[in-house]
Amino acid sequence: MTSIQELIPVLQTAIGPVIVISGVGLLLLSMTNRLSRVIDRARALLAFSETVGGPLQQKALAQIDILWSRAKLIRLSILFAAISLLCAALLVIMLFITALFGIEDAWLLSIIFVACMGSLIASLIAFITDINRSLAAFKVELYEYGSEREHTP
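Residues 0 to 152 (numbering that gives the first Met the number 0) are what the sequence shown spells out, left to right.
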């Protein structure tokens, strides 16, 4: 690469991965907030479970187990999102290196791009699984509340 005219197409090509970085960064922010919420809720339930006994303690401990599995799912989602971000950043760097040194290696760029998208897909699958699991747990909680309410005078 010897001139600005040769740099412009590389910059245009690099826009795509940069947009991916921005979008995945926002997803990552949402995921870390979600993880923080799950951890805070688990800590509150743990403190509550130490002050009560019997069925209430068992319910609290069961909810903590659900929150633990959700936290692991969110952690997995964050891991794959971070890998996706790293691949997108590596892709931008490799675009410039290949242009700078005149390397024609579409396979390397393709592999990095596929790894980026594969990691993003894995992250989103784990994230959606967590959302579905949280709704299923909430549904059970609502059902228990409804059945308890029906039996109280």
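C-beta atoms are modelled at their ideal positions from N, C-alpha and C, and glycine is treated no differently.
Between the beta-carbon of Ser118 and that of Ser83 there is about 4 Å, and that keeps the pair under the 8 Å contact cut. Membership of Ser2 in any alpha helix (DSSP H) is not indicated, and neither H nor E is assigned to it by DSSP. A distance below 8 Å separates the beta carbons of Thr31 and Ile77. Look at Ile102 here: in three-state DSSP terms it is coil, with no helix or strand label. Out of Leu10, Ile120, Leu134, the CA that lies nearest to the CA of Leu75 is found in Ile120. A contact is defined here as three or more CB-CB pairs under 8 Å, and the segment 57-76 meets this definition with respect to the segment 120-138. In this model, Ile65 and Ala114 are separated by some 31 Å (Cα to Cα). Beyond the five residues adjoining it in sequence on each side, Phe126 comes within less than 7 Å, by CB distance, of Met30, Ser76 in the same chain, given in chain order. If the five residues before and after Leu44 are omitted, its C-beta is found closer than 6 Å to the C-beta atoms of Ala59, Gln62, Ile63, all from its own chain and listed in chain order. When C-alpha distances from Met93 are compared across Ala80, Phe112, Ala81, Phe79, the shortest belongs to Phe112.
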